[in-house]
Every structure is written in structure tokens, then in C-alpha cells.
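Participant: I'd like to ask you about the structure that follows.
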Amino acid sequence: MTLHYASGGSAAEIATAGFNLADVQYVSQVNALPDGMKGLVYLGEHDGVTSSFIDKVTPFIGNPNVFGFYLSDEPDPTGKWGSYATAANLKAESDWIHSHVPGAKTFITMMNLGTDGSPSYMNPNDPAHAAYNPANTGIDFYGIGYYPINNTSAPDYTHIDKMVAAAGEAGIPIDKIVPLYQAFGGGNWETSAGGKFVMPTAAQEQAMIDRWAALVPSPAFDYTYKWGTQNGDTALESASELKAFFLQHNLEGTHAPVSPPVSDPVTPPVSDPVGTPTTPPTHVGTPAPTAPAPSGSDHVFHGTRGADVFHATRGNDKYLVNNAHDKVMEAPNGGFDKVAASVSYALTAGSHVEQLST
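Residue 92 in numbering that gives the first Met the number 0 is what sits at position 93 of the sequence shown, and the numbering runs on without skipping anything.
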């Protein structure tokens, strides 16, 4: 049975639209997942089996609610457009997880290293070889996507065919592909043609999913990008028509809807679940000057009652701070990052956060 993943929403939120694979980062979130829901743990790691990688994975060993690990969003074999990652380092991570967390799956989203019209997943530095595939990374699943709904041209769903064909040419089998579905629009994101993304209608979403179903029947899971709103856009959380559509779609073939937890844990990172980097998971657009295009690695972090340390990612992150002793440290060039504080709060020196509001 295909699982359904939405990036960025809490377990309680995504359950209302029938999603049963949650975007998580903390053990507390995984432990609180309701019956029928699994967690895909976002790591944001691409440098091999480092101490950071081991520290992130180890707490999840033996947890039955873990479906797998989202190693990295759009790793870049060139380092020109995203975080540089070698196939060897990703293979080391995937192999370590398979050895230490039996049954857990590994996942990345793929960067389109070509164009919309002529996509490619081959390594530009070594054109005869794929950037990443099962043979050179050992990774289980690969997120492939194209966002076809925009305000500059009619939807061209044949781009999805081209993406799937390019994945095959790069040695990624059909059963290893995870389809990415567009569920956002508006805001400051730009398409490669300089236009704006538009929130799909239910009919357009159905056409998108039908196209994917003809090409990639029965994937292990699908990835809807995205649940949460960012940079003025509209996303699934505020789109009642699409939420109703996905509820029906996601519950087809299942026995019962997922029951949300009584008390939801810290909101997981966005990822986009799908995505998500400074470009969307499908590399479809150039970011506006002050707002990088959306990605499956964009995160929303909620503070707990204690003094929290928020770990850096490379997406467009939002931190909801509720303790004056919380510490936020973002990575340099890590996206457009915001802190919204409900208490008197000052940013730590060198935090690399672009916006603070109280």
C-alpha cells in the first residue's frame, strides 16, 4: 500500500487530509504518532557518517514508528546550486542506517541538473555516470518532481514524463521513484520563466496524479509539497478544496482514516515532504531576491516549555521561540530564516537569521 507524505505539517494536521507518513525530526514526535502513521525522519546530512549524522540517527534505533530517513533535500554533485554531496558519502549514510536500523528506508529528493524541457539526473562533472542512483548510493527511494501549475503557461503534464524518463536513464528504477505533487502557489516564488506558481485546483491535482499513476504505479510513498504557508504563498493547510481532494485520494484503498494524537508534539520540519535549498525539489524556478524558492527542507520549529537549542538546516526556516533562553543558530547561506518570539528575545551573535519579530 502506498503511504502518503506531506512536508511541514504536524501529525494532527496532516491526518485531517488522510496523510499517514509524517515529516518528523525528534523522537518525541515519532513516539506521539497515532496508530496507522509512520515517521520519515529528516536529517539534512550529506557528508557521510559524521558524528553529527550518528547523533541524529541513533535516538531512533529500534523505534517501530520510524519508516525511514530523509537524508538530504536535493544534494548537489557539483556544489554549484546546493550542498555538495558525493555519491560515496550518501552511500555511507544509507549503508550505516541499513546496518543499524534494520528495515528503515533511506530517501533523497533529486535535483534536476538539466532544464525543465530536457531534465537530467546525470552528473555534470562526469556526464557518463548518474549523480545518484541505487547502484552508487544504496539509497532506497528518490523524490522526482515537477510543479506544472503557474501563471505563464498552460499546465504541461508531459514534463512529468520527461522527469521519469530522465530518472530511468540515470539508473533509477520505477519502483524506486517517489512522485512529488504540487500543493502550493502564489507568494514570492518564481518559475524558471519568471512567472508565479499557482495553487492547483482539484481537477488539476487529479490530472497531475493521474499522469504520475500511469508512469509510476504503486510507489512506496508519494510526497505532497507542501502543508505550511511561507513567504506569502498559499499551501495545503489553507486550501479547503485541495484538503478535501487529498483526504479522498489518500484514503482510497485504506481501511480507516488515521486518528490524530491527543496532544501533538513539536511541529516537525518542512519536505517537501517533498520538497526541500534555494530552489524547489524539482529545480523549477529562480528565487526572488529576498525569498528563495520553496523546498522540502523548509522547516517550522516550535519551542517547548524549556530552553531549546534549534539545530540549523539549509532551508527557509521559521523558529517559534517561547523562552528567552532558547538558542537559534542557523547555517550561513541556509535560506531565508525567521524567528517569531512570544517573549523578549535577542538573537545570538552569528545566528545567520534574517528576520526577528516579537
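Ideal placement from N, C-alpha and C gives every residue a C-beta, glycine not left out. Quick caveat: nothing in here was measured; it's all calculated off a predicted structure.
1. Buried or exposed for methionine 121, please, with buried defined as at least 16 other CB atoms from any protein chain shown within 10 angstroms of its CB.
2. Which class does proline 126 belong to by DSSP, given the choice of helix, strand or coil?
3. Distance check for valine 56 and serine 152, CA to CA, integer angstroms please.
4. Residue range of the alpha helix (DSSP H) that aspartate 232 falls in?
5. Please state whether the Cβ-Cβ distance between serine 51 and isoleucine 107 is less than 8 Å.
6. Assuming proline 76 contacts alanine 84 under a Cβ cut-off of 8 Å, what Cβ separation, rounded to an integer in Å, is found between them?
7. Please identify the residue among Ala103, Asn30, Gly38 and Thr1 whose C-alpha is closest to the C-alpha of glycine 8.
8. Measure from the alpha carbon of proline 33 to the alpha carbon of each residue in Phe59, Pro63, Asn124 and Tyr156, then state which is nearest.
9. Does DSSP put proline 178 in a helix, a strand or coil?
10. By the three-class DSSP mapping on this structure, what secondary structure does lysine 55 have?
11. Going by DSSP, what residue range makes up the beta strand (DSSP E) through lysine 37?
12. Can you confirm whether the stretch 191-202 touches the stretch 155-172 when touching is taken to mean that 3 or more C-beta pairs between the two stretches lie within less than 8 Å?
13. Rank Asn135, Val100 and Ala165 by C-alpha distance to the C-alpha of tyrosine 145 and give the top, closest one.
14. Can you look up lysine 79 in the DSSP assignment and give me helix, strand or coil?
15. Taking contact to mean at least 3 C-beta pairs separated by less than 8 Å, is the stretch 229-243 in contact with the stretch 172-183?
16. Within 10 angstroms of its Cβ, does methionine 110 collect 16 or more other Cβ (buried), or is it exposed?
17. Between the C-alpha atoms of aspartate 113 and methionine 162, what's the straight-line distance to the nearest angstrom?
Facilitator: On the basis of the coordinates in this document:
1. buried
2. strand
3. 43 Å
4. From DSSP, aspartate 232 is part of no alpha helix (DSSP H) but of the beta strand (DSSP E) over 232-234.
5. no
6. 7 Å
7. Gly38
8. Pro63
9. strand
10. helix
11. 37-41
12. no
13. Ala165
14. coil
15. yes
16. buried
17. Before going on, a small fix: residue 113 reads as glycine here, not aspartate. Taking the straight line joining both Cα atoms gives about 10 Å.
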